[in-house]
Every structure is written in C-alpha cells, then in structure tokens.
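Asks: Numbering (my numbering), first residue to last: 81 to 289.
Idealized CB from N, CA, C, for every residue including glycine.
Everything numeric in this text was worked out from a predicted model, so none of it was measured.
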Ligand code: URA
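1. Is it buried or exposed for residue 277, if we count other Cβ within 10 angstroms and need 16 for buried?
2. CA-CA distance, residue 246 and residue 220?
3. Using 8 Å as the Cβ pair cut-off and three pairs as the minimum, do the region 263–280 and the region 236–250 touch?
4. So, under 8 Å CB-CB, residue 209 and residue 124 are touching, yes? Tell me the CB distance rounded to an integer number of Å.
5. Could you give the DSSP three-state label for residue 92: helix, strand or coil?
6. Helix, strand or coil for residue 130? Go by DSSP, reduced to three states.
7. If you follow the alpha helix (DSSP H) that residue 221 is part of, which residue opens it and which one closes it?
8. On the criterion of 16 or more Cβ atoms from any shown chain inside 10 Å, does residue 110 qualify as buried, or is it exposed?
9. Could you tell me whether the Cβ atoms of residue 255 and residue 85 are closer together than 8 Å?
10. State the start and end residues of the unbroken beta strand (DSSP E) segment that holds residue 253.
11. Could you tell me which residues DSSP pairs with residue 193 in its beta bridges?
12. In the DSSP output, what is residue 213 paired with across the bridge?
13. Would you list the one or two residues that DSSP bridges to residue 177?
14. Closer than 5 Å between the C-beta and any heavy atom of the ligand URA: which residues qualify, listed along the chain?
15. From this set, 203, 181 and 117, which residue's C-alpha is nearest residue 195's C-alpha?
16. How far does the alpha helix (DSSP H) with residue 106 in it reach, from first residue to last?
17. Going by the beta-carbon positions, is the gap between residue 163 and residue 118 smaller than 8 Å?
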C-alpha cells in the first residue's frame, strides 16, 4: 500500500462533514464514526492475503476464496480508538483485539503509556492500529513502537483525520506502516488540535469535556 491513502468515497466524505459540525450530537457522532469505520476498514483490508477452500454450493463443488493466515489483530489506541474499533469488529468479527493506553501530556504533547494488552503471535498477523486523530503523530508513533516491540511486523494505521505534521512524523518513525484516513487537514493549532478538524474526538464520542 502507499504510505498515505485518503479515502475520497462520497459516503465517507459526507459522513465526515456531519461529524465535523459542532452541533452534531454525541449519539449521532458515535453512529457516524461507526459507519465510517466500516468504510475505512473496507479500504484498509483491500489487499489481504487470500486462499481457496473446497466447498459445495447447492449446484456443484467449487474452490471458493477465503482469507488466508491468522486472524488479524485490531489495536485500539485508547480511548478514542474504541470508537473506530466497534464498527470494525462488526465487519471483521473474528479479529483479535488489543489495547494501547496512551494519553497526551497537554503541556509537552508527548505520549504517556498507562495500559498495554495485545493478542499473541502478533508477528504472524496483520495488525491494524486505530485512532481517529493523527495529530502530532507522537502517540501513534509511540503506539507503533510498542507493537513492534511486541513482535508485530506487518502493521497498518487507520484514522479518521490526519494532520500533515502527524503524517510526516509517522513517515519518519515508521515508513513501513501505511496510513489510511478519510481526510488530510490543513495543520495543527498551538494546542495540538487538528485544523479545521472536529475538536476532541474522545470528548465528542463519549460526551465528556
Ligand atoms: N486529538 C483530538 O481528539 N483532536 C485533535 O484535533 C487532535 C488530537
């Protein structure tokens, strides 16, 4: 895959606009995130390894395509990653799931780890790390560091919105990790928020402030 894929599908773009609007309610925001996550998951899983399985249709036997290899691993970067995870699990119900808990120190903007739990045999799985907002890229790059330390070698990163700074940071730290996003916004502001963005994704999906 290319290092950066922007999913320009009209449904994704329309839903993203609704999510950006500040009047959009928590319930609608969460529902839209669930829907978009499935469209992004469709894109990021587009080139999975396939094999065939012998089956019998009501008409005749055939060698039919099925996914090959170990179940893939979805890794939610807490807490906002959970908003993408739920929808993706509906599409890929047999995926294994892990969590990386990082919060961003509001002063330094650097990631601080507080939780790490991932599936075994990460080295044999496609690992998809999910976090709605790729802002500075510091948390995402740190999460990918941890996944590589845990053995992951085939990693992709899925987000809803990316800032150029975050994409550059990820490219520098993890050039082997393709990124799939719905939009590449203009920049970060002084507080590290994506501009024009959608605000704090975690607050908007969980109704906190
Ligand atoms: N995290 C968010 O939730 N929003 C941003 O704009 C940047 C980081």
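Replies: Quick look at the numbers:
1. Buried is the call here.
2. Going from the Cα of residue 246 to the Cα of residue 220 covers about 8 Å.
3. Yes: at least three Cβ pairs fall under 8 Å.
4. Not quite, the Cβ-Cβ distance comes to about 10 Å (not below 8 Å), so this is no contact.
5. In the displayed model, residue 92 falls within a helix according to three-state DSSP.
6. Strand at residue 130.
7. Residue 221 -> alpha helix (DSSP H) spans 218–229.
8. Label assigned to residue 110: buried.
9. For residue 255 and residue 85, no; Cβs fall outside 8 Å.
10. Where residue 253 is concerned, there is no enclosing beta strand (DSSP E), although the alpha helix (DSSP H) around it starts and stops at 244–253.
11. Bridge partners of residue 193: 182.
12. Paired residues: 241.
13. The partner list for residue 177 (beta bridge, DSSP) reads 154.
14. Taking each Cβ in turn, the ones that pass are 213, 215, 273, 274, 277, 280 and 281.
15. Here the closest residue by C-alpha is 181.
16. From DSSP, the alpha helix (DSSP H) with residue 106 extends over 106–124.
17. Result no, Cβ atoms of residue 163 and residue 118 do not sit closer than 8 Å.
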